[in-house]
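Asks: Quick one: structure below, then a few questions.
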Amino acid sequence: MRTTLLAQKARLSQRRRWRVRKRVSGAAARPRLAFHKSARHLYAQVIDDLAGATLAHATTATKANAASRRNFANIAQAKQLGASFGAALKAKGITTVVFDRGGHLYHGVVKAFADAVREQGIAF
1480 MRTTLLAQKA RLSQRRRWRV RKRVSGAAAR PRLAFHKSAR HLYAQVIDDL AGATLAHATT
1540 ATKANAASRR NFANIAQAKQ LGASFGAALK AKGITTVVFD RGGHLYHGVV KAFADAVREQ
1600 GIAF
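Numbers given in the numbering used here equal positions in the sequence shown, counted from 1, plus 1479.
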């Protein structure tokens, strides 16, 4: 039986995420910075995989942004989210992380977010 094109794309996307994830793991000393982008919003969280705990998170999907129905998954929003998230990490005492790009290419929005976090002094 043939799979649909949409199912095939989803399967390949999942394989890309698994491929990245099996090499990236976070600990208390160096937690994992997981980045996710949807069609409309950006999400980031710092995770200690050994403890199974989320240490910090940030998103463009806030109540203030929900009122406007525009797209927040762009480079300008990624820079803004990365800068505020990097400052929040620094305030919590997190200085080094492992970057999990979530199967996305390190280009465009992902690169803009990562560069903005690095500008705040977070090393990865």
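Cβ coordinates follow ideal geometry from the N, Cα and C atoms, glycine included. Predicted model, so just to flag it, every value in this text is computed and none were measured.
Here's the rule I'm using: 16 or more other beta-carbon atoms within 10 Å means buried, otherwise exposed. How should lysine 1645 be labelled?
Replies: Any answer about residue 1645 is impossible in this case: the structure gives the chain only from 1480 up to 1603.
Asks: From the DSSP output, in three-state form, read off phenylalanine 1603 for me.
Replies: Correct three-state label for phenylalanine 1603: coil.
Asks: Can you tell me which residues form a DSSP beta bridge with phenylalanine 1578?
Replies: Its beta-bridge partners are Leu1512.
Asks: Counting only runs of 4+ residues fully inside the segment 1506–1565, write out the alpha helix (DSSP H) ranges in chain order.
Replies: The qualifying runs are 1542–1545.
Asks: Based on Cα-Cα distance, which residue from Gly1600, Val1499 and Lys1590 lies nearest to alanine 1555?
Replies: If we check each option's Cα against that of alanine 1555, Lys1590 comes out closest.
Asks: Considering only C-alpha positions, which residue in the set Ser1492, Arg1498 and Glu1598 is nearest to glycine 1565?
Replies: Out of Ser1492, Arg1498 and Glu1598, Glu1598 has the C-alpha closest to the C-alpha of glycine 1565.
Asks: With H, G and I counted as helix, E and B as strand and the rest as coil, what does DSSP make of serine 1492?
Replies: The answer is helix: DSSP assigns serine 1492 an H, G or I state.
Asks: Which residue marks the beginning of the alpha helix (DSSP H) containing lysine 1571, and which one marks its end?
Replies: From DSSP, lysine 1571 is part of no alpha helix (DSSP H); its letter is neither H nor E.
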